[in-house]
Amino acid sequence: MTDALVPRQPDATPAVYDAATLAVLAAMEKAADEHLVRIIPDNTKRGYANDWALWEEFHDWLGERTGHRMPSTAVTKGTLVGFVIWLDTVKVAAPTSIDRRITGVTVTARGLGVEVPKEATVAARKTLKPLKNDEDRIARGRGAAKAATPDQLRQMAAAIPDNLTGIRDRALWLMAFFIAGRSAEVAAIRTDGITLHSEGLKVRVPGVKGKPAREVVVVYDKNPDTCPVRAWLTWKSAAGITTGPAFLPITVHGQLGDRALSPEAVREIIARNAERAGVAVRLTGHSMRAGFITASRRAGKREEKIREQSGHAEGSPVFWRYIREADKWVDAASDGIL
1428 MTDALVPRQP
1438 DATPAVYDAA
1448 TLAVLAAMEK
1458 AADEHLVRII
1468 PDNTKRGYAN
1478 DWALWEEFHD
1488 WLGERTGHRM
1498 PSTAVTKGTL
1508 VGFVIWLDTV
1518 KVAAPTSIDR
1528 RITGVTVTAR
1538 GLGVEVPKEA
1548 TVAARKTLKP
1558 LKNDEDRIAR
1568 GRGAAKAATP
1578 DQLRQMAAAI
1588 PDNLTGIRDR
1598 ALWLMAFFIA
1608 GRSAEVAAIR
1618 TDGITLHSEG
1628 LKVRVPGVKG
1638 KPAREVVVVY
1648 DKNPDTCPVR
1658 AWLTWKSAAG
1668 ITTGPAFLPI
1678 TVHGQLGDRA
1688 LSPEAVREII
1698 ARNAERAGVA
1708 VRLTGHSMRA
1718 GFITASRRAG
1728 KREEKIREQS
1738 GHAEGSPVFW
1748 RYIREADKWV
1758 DAASDGIL
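Take the sequence shown: its letter number 119 is residue 1546 in our numbering, and every next letter is one higher.
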């Protein structure tokens, strides 16, 4: 009865504007977009840039396997779900990190004028939902990196495959350990920045993320399987490199790329090698840096020499945390008191 008293509304028709109005509206749309970009915090912008860099790396990875590299603007249900699975299984990322990556890719794509279907983001988060309930996956985002130990390095060396990838991987994580290198530093090392001397190698570690460059020395190890000098020379010879990036990507067909590995790829290689060897804890890129400092201290090396290798500032709280951890069992207060 009430419905009968309500007059029928006319069908909505789109407004028609003259050319001058359309020009003003277009200008205001552009100004609104520019304003919205300006008010995004700088750290959020950096995060979005990192998300997009990972998205492009995913497309590179996908292209190697399909034989066709799709444009990075191909943001669809299939590619976004594939991205979530890749971050989980290849990058071993925490679910909270994956969630942020989905947002970063979506926002960046839309900023480039790409229409991202709602079904794509819904499907991506539906794929992510069960991962958020997995305790092992949740733990990926917690706590400091486990320091790699000499025993674990020997365990990893014993499990290295006898091919070009194995030769590169061993050289990479041994170099990362013995220069106490950050993943970004290892990725940025140049072949001509590594020189051979009778005692071992001199390595110029490039400055990254505002950190100054440094030159460190890496000596021969008594164990050939974990000797960073022999591992580097073997990789350099096998790859036939004399200039350019020290560590290169290798396709599934054993072909060398010509671009440097990304820091994410360095971390992935270390984690994958540790997992293959059956190392009981998950090692990451930072595990090599922490492991060198801890092992060097336990071997009785002086603090200033360790800092010279790692590039830590004298008052670095992170450095002193590693030192305290290494000293924990040295002259322990509970040792021999009864």
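Each residue gets a CB set at the ideal place from its N, CA and C atoms; glycine is no exception. Bear in mind the structure is a predicted one, so any value in this text is a computation, not a measurement.
Residue interval of the alpha helix (DSSP H) (run including residue i)
i: His1680; result: Taken as a continuous stretch (DSSP letters only), His1680 belongs to no alpha helix (DSSP H), as it is neither H nor E.
i: Pro1577; result: 1577–1585
i: Arg1725; result: 1712–1725
i: Phe1746; result: 1744–1754
i: Glu1741; result: Per DSSP, Glu1741 belongs to no alpha helix (DSSP H) and is neither H nor E.
i: Arg1699; result: 1690–1703
i: Ala1666; result: 1655–1666
CB-CB length for residue i against residue j, believed under 8 Å
i: Thr1554; j: Ile1512; result: 7 Å
i: Thr1618; j: Lys1663; result: 7 Å
i: Tyr1475; j: Thr1516; result: Incorrect: roughly 23 Å between the Cβ atoms, too far for contact.
i: Arg1595; j: Phe1674; result: 6 Å
Contacting residues, own chain, Cβ-Cβ under 7 Å from residue i (five flanking each side not counted)
i: Thr1711; result: Ala1572, Arg1694, Ile1697, Ala1698
i: Thr1429; result: For Thr1429, the predicted structure reports a pLDDT of 48, less than 50, and the residue's modelled location is therefore unreliable. A value from the coordinates is still provided. So the list is empty, once near-sequence residues are dropped.
i: Ala1640; result: Arg1631, Val1632, Pro1633, Gly1634
i: Pro1651; result: Arg1657
i: Leu1481; result: Arg1528, Glu1691
i: Ala1547; result: Val1502, Thr1503, Lys1504, Leu1507
Where the beta strand (DSSP E) through residue i begins and ends
i: Ile1733; result: It is not in any beta strand (DSSP E) - Ile1733 instead sits in the alpha helix (DSSP H) that spans 1730–1737.
Sequence-distant residues of the same chain with beta carbon closer than 6 Å to residue i, five excluded per side
i: Ala1551; result: Leu1507, Val1508, Val1511, Ile1529
i: Lys1398; result: No information on residue 1398 is available, as it lies outside the stretch 1428 to 1765 that the chain covers here.
i: Ser1610; result: Pro1690, Val1693, Arg1694, Gly1712
Own chain partners of residue i with C-beta closer than 8 Å, once the 5 adjacent residues on each side are dropped
i: Leu1501; result: A quick correction: the sequence has Ala, not Leu, at residue 1501. His1486.
i: Asp1762; result: none
i: Asn1590; result: Gly1681
i: Pro1676; result: Leu1683, Gly1684, Arg1686, Leu1688, Ala1692
Proximity below 8 Å, CB of residue i to CB of residue j
i: Ile1606; j: Val1645; result: yes
i: Thr1373; j: Leu1580; result: The structure shown has nothing for residue 1373, since the chain only spans 1428 to 1765.
i: Glu1752; j: Thr1721; result: yes
i: Tyr1647; j: Gly1620; result: no
i: Met1715; j: Pro1655; result: no
i: Val1706; j: Gln1582; result: yes
i: Ala1717; j: Tyr1749; result: yes
i: Gly1505; j: Arg1496; result: no
i: Arg1729; j: Asp1754; result: no
Short CB-CB distance (under 8 Å) between residue i and chain E
i: Asp1561; result: Although the question refers to chain E, the structure presented lacks it and comprises just one protein chain.
Alpha helix (DSSP H) segments (min. 4 residues) lying fully within the segment 1603–1647: 1610–1615
Within the segment 1482–1544, ranges of the alpha helix (DSSP H) (whole runs, at least 4 residues): Whole alpha helix (DSSP H) segments, 4+ residues: 1504–1516, 1522–1538.
Length-filtered (4 minimum) alpha helix (DSSP H) runs lying within the segment 1444–1473: 1446–1465
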